[in-house]
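Single-structure report; data block below.
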Amino acid sequence: MIFQILDADYTYSDKKPVVRLYGRDGSGNSVCCMVHGFEPYFYAKAPPEMAGILQEKFKEHIKKIEPVLRFEPIGYFKNKISMLKITLFDPKGVPAIRDEVRKIVGEIYETDILFRNRYMVDNGLGGMGWANVESEGTLNDNEVLSAVKIISKNVVPVDILKNASLRHLAFDIECLPLNGAMPVPETSPIILMSLAFAPEFNGKKTIVLVGKNTTLEGDFESCGSEEGMLRRFFEIIKDFDPDILVGYNSNSFDIPYVVDRVNILNKKGARIDSIAGRDGRTLYYRKIGNVTRVSVMGRIAVDVLPLLRKEFSLKQYTLRNSAKELLGTEKLDIPILEMEDYWKDNGEKLSKFIEYARRDSELALLFLLKLRLIDKYIALARVSGTLLQDILDGGQTQMVENLILREYMKHDRVLPVRPTGEVSGERYDEGEELAGAEVLPPKKGLLENIVILDYKSLYPTIMMAHNLCYTTEVVGEMPEDVIKAPNGGIFVSRNIVKGIVPSILEDLLDRRQQTRAKMKTADEDEKGVLDATQLALKILLNSFYGYSGYTRARLYSLTLAGAVTSLGRENILHTKDLIENDIKEIILKGGKVTGKDDGIGGKHIGLSVVYGDTDSVFVHLLDKEITFDEAQLVGNSIANTVTESLVKPMELVFDSFAKRAIFLAKKRYALLVQEKTAEGLKEKIKVKGMETVRRDWCEITTKTIEKVLELVLKEAKVDDAVLLVKNTINAIKTIDANSAMFEGLILTRQYTKKVESYKNKQPHITVIEKLQKRGIISNVGDRIPFVILAGNAMFVERAEDPEYVKKKNLPIDVDYYINKQILPPVERILSDFGVTREMLRGMGERKVHTETKQKQLFEF
DNA sequence: GAGGATACCTAG
DNA sequence: TTAGCTAGGTATCCTC
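If you're matching positions, the first sequence starts at 15 in our numbering and goes up one per residue.
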């Protein structure tokens with residue numbers, strides 16, 4: 015039988031551990047496969063003669079000890095050293111004895127790799143990977159909810175591109191707020207539960223459960239009571255058997271709320287069997303710090319909200335705003351204060367309430383399916399071998415470590431344990447800091463004809479080119495053939511030994527190229543999977559550098575991370591030098607790049623690097639008339655020449671051509687990019703770092719700056735831009751809370767940490783405090799909208815919730831918007847054209863005429 | 001009024 | 001016991 019692995023855990027049979035793999039097969043059955051015979055183990059740095067002592071001391075836990083030879087985790091070593099591979103009876107034995115073993119032997123390894131992960135890594139299996147099982151019988155375990163239950167000793171990975179069709183259940187709860195206060199499980203019951211299915215469940219796309227009896231008729235299920243509704247909810251989970259449980263903010267709110275309510279009701283004598291996991295366990299959550307973590311064994315709990323936060327840059331992530339921005343859908347709404355009214359009703363109001371609830375679960379499902387939110391994560395799981403839930407909950411660390419562990423094993427290297435809080439603290443305090451990338455100072459102002467070149471996957475290719483790895487880092491005596499990085503790091507060359515990380519990167523890079531090649535001939539279905547796969551490969555390629563400089567990584571190496579960045583800095587400076595002082599100019603003749611200047615004409619194009627950030631160079635072509643084709647020729651020519659001077663696989667490529675560009679500062683610029691499309695040459699504006707792409711400026715600012723940039727870059731109409739700004743300022747002067755333009759004044763900022771931890775007052779924090787007094791709670795991570803009110807108080811004190819301002823018709827500080835939101839950003843752009851603040855305010859004429867200024871700018 | 005500290009968000 | 005990395009600009013408040 016072949017199935018795709020969704021999740022894994024372990025249980026016991028005859029006191030022996032049994033790994034359970036949960037998944038779905040090609041014909042749509044949910045599968046649980048019990049694997050017997052795998053045993054937990056870890057390593058200890060100790061000579062063979064220690065084996066007897068340890069065996070004797072921990073005989074209840076240790077099954078056997080084998081003397082083995084292994085490499086230590088970090089450093090280039092000629093020889094392996096003596097270690098002990100300690101095999102235990104029970105996975106729980108590892109945490110039970112590891113601290114004491116460490117005290118005896120000094121160093122232990124791989125003691126904190128979860129048993130299910132250890133099993134998968136050792137057997138070449140991984141999250142969302144396909145597995146082939148030879149069934150040795152079926153299991154009669156009523157606890158396990160999977161449709162097919164089999165027993166096996168031998169599970170092998172199978173390479174299948176497509177994914178099994180998964181079953182999705184989206185849900186959302188509505189709680190009854192008491193007197194308009196935020197609902198808490200202690201007092202506020204759940205009154206409605208809405209569910210949406212893909213594929214359909216018994217012919218239904220949605221079901222709304224109502225936690226009371228009602229005379230109302232319609233498309234919903236009356237459950238008599240909250241208890242009855244919750245029972246029905248868990249019954250549906252069991253019957254529909256979803257692989258993916260989706261919600262909006264569900265892992266932080268809905269699921270914990272349901273768990274808490276079930277506990278409260280059961281304490282009062284209710285009998286709600288809240289089984290949700292395929293292992294037969296009840297729904298539960300854990301609180302780690304201020305983050306709740308939900309796991310539903312055998313299924314994937316997907317909270318759409320954090321995924322949207324990662325994927326899309328929005329000003330607000332309320333369900334209402336996300337649905338509007340990303341799906342173009344309106345959310346239905348009922349004012350919190352009227353909810354009780356709607357709920358008590360048995361007519362039209364209740365009916366509305368039900369439809370409002372229904373929409374919320376539908377939206378959660380729509381986000382997941384329409385935006386294909388988890389495709390990327392599924393691909394990441396497959397490529398890295400990590401369980402899908404771990405990737406959704408965690409970050410890059412697990413994926414990188416998973417890949418490294420698999421390769422370390424093959425090379426007889428052991429992995430350290432994850433550092434404790436203290437160790438990672440020490441790593442910070444050692445004084446040395448990781449220096450990052452080089453940013454070349456931009457030539458400020460307006461420029462024409464700029465070719466943008468960038469390095470493909472710079473950091474990974476640096477690691478490959480220079481054999482930078484934990485396993486090549488020189489820690490002892492100096493070998494003959496080494497690479498010295500500018501940060502002082504020394505690594506053995508690949509002639510001596512090829513690093514494990516560079517090998518992994520090469521493999522990822524190869525697979526990415528192959529995947530992209532396959533996309534060209536694939537059908538639409540396959541294309542989607544392949545595209546997600548190539549994206550996942552790119553993400554993983556770029557994760558290794560960050561991981562190496564992460565103080566909490568098992569394999570933290572400031573030397574390695576610093577070698578990467580120092581070589582990166584050296585490289586971009588070298589690239590600039592090469593272009594300006596070596597290549598100097600490109601000669602075009604007959605639509606081609608001419609190698610040598612033969613003295614008989616041709617178009618000589620001088621080159622000047624005007625900006626660069628980390629892995630890019632912006633080359634100003636010193637000629638007024640440049641076509642796109644010429645720019646491309648020049649760009650490719652420079653890229654080729656530079657690439658030839660580099661160690662493979664480092665590669666500089668032509669990225670784009672900007673007809674005009676305006677540079678304000680490092681990381682702040684706008685380009686008028688020319689692109690070739692099927693319909694011919696297209697122009698579009700690309701903005702980086704400026705107010706139009708920042709979420710902490712109001713819409714009036716972003717819109718104004720967008721228009722100013724458009725006028726300046728596309729048409730060089732500086733006077734029109736000035737006029738536009740003047741008009742905007744005049745319009746702002748008359749705005750009040752009831753104006754149509756009011757929405758344009760709303761600023762948002764993220765509430766990033768607990769209120770107490772702020773050393774300085776912040777406008778959005780004062781709003782949070784004001785809202786709290788009105789019974790509205792904000793959560794860390796929320797983006798808080800606010801406007802600035804008129805008055806004599808300090809700026810931060812005058813921030814206020816826009817809804818409240820509208821309701822109370824409070825006066826707006828129009829001067830703030832003119833002087834702080836419009837004038838400074840506009841001035842930064844237009845000052846270079848001789849525009850002053852006074853002119854923008856309407857007090858004075860610009861001295862330098864547009865054309866004159868243009869001429870000056872474009873003289874060489 | 002300059003300059004530092006804090007906070008936020010973005011580039012890469 | 002959550003969490004890839006650094007560089008850099010801008011606004012505001014605080015200290016001198």
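Cβ coordinates follow ideal geometry from the N, Cα and C atoms, glycine included.
For residue i, the nearest candidate out of the options (CA to CA)
i    : options                : result
V667 : G399, I743, K470, T691 : K470
A536 : P197, E74, L175, L635  : L175
E644 : E665, I600, L685, L322 : I600
N585 : P61, T486, E665, C237  : E665
F56  : R855, C46, E121        : E121
T762 : D796, E440, I746, I743 : D796
T715 : G758, E729, N741, L695 : G758
G856 : L837, I843, R112, D404 : L837
V169 : N177, V147, F367, D155 : V147
K662 : L20, Y24, T475, G232   : T475
L402 : D257, T411, I392, G409 : I392
R508 : T486, G361, T529       : T486
L803 : V828, R788, V794, K784 : V828
F52  : P105, Q18, D233, T573  : P105
L498 : V511, E80, E452, S580  : The amino acid occupying residue 498 in the given sequence is Lys; Leu does not appear at that position. The shortest Cα separation from K498 among V511, E80, E452, S580 belongs to S580.
T547 : Y559, R525, T565, R568 : R525
I593 : L379, I164, G620       : G620
L460 : M423, G42, K728        : K728
S208 : I118, K329, F367       : F367
Bridge partner(s) assigned by DSSP for residue i
i    : result
T220 : A210
G261 : D317
S166 : V49
N146 : I16, V170
A58  : L98, I122
Q764 : R797
Rounded straight-line distance, which links the Cα of residue j to that of residue i
i    : j    : result
P109 : I251 : 34 angstroms
V224 : T296 : 22 angstroms
V32  : V115 : 25 angstroms
V318 : L549 : 20 angstroms
L128 : D23  : 9 angstroms
D495 : L522 : 26 angstroms
F103 : V45  : 27 angstroms
E436 : Y298 : 30 angstroms
I743 : V781 : 26 angstroms
Y123 : G261 : 39 angstroms
Q410 : L554 : 8 angstroms
N556 : A575 : 12 angstroms
E354 : E241 : 19 angstroms
K690 : R386 : 28 angstroms
I760 : I187 : 30 angstroms
Expected contact under 8 angstroms - CB spacing of residue i and residue j to nearest Å
i    : j    : result
L647 : L685 : Their Cβ separation, rounded to whole angstroms, is 20 angstroms, which puts L647 and L685 out of contact at 8 angstroms.
L68  : I100 : 7 angstroms
V305 : G291 : Going by Cβ atoms, the distance from V305 to G291 rounds to 20 angstroms, so no, they are not a contact pair.
E9   : L341 : Given that the chain is displayed from residue 15 to residue 874, the structure contains no residue 9 and the question cannot be resolved.
A679 : P456 : 7 angstroms
DSSP state of residue i mapped onto helix, strand, coil
i    : result
V310 : coil
H182 : strand
Q330 : coil
H863 : Confidence at H863 is low in this model, with a pLDDT of 48, below 50, so its placement is unreliable and no value can be given for it.
K281 : helix
L322 : helix
E729 : helix
S27  : strand
M97  : strand
E540 : helix
V33  : strand
I420 : For clarity, residue 420 is Arg in the given sequence; the question names Ile instead. Looking at R420 - three-state DSSP - the assignment turns out to be helix.
L854 : helix
I802 : strand
E462 : strand
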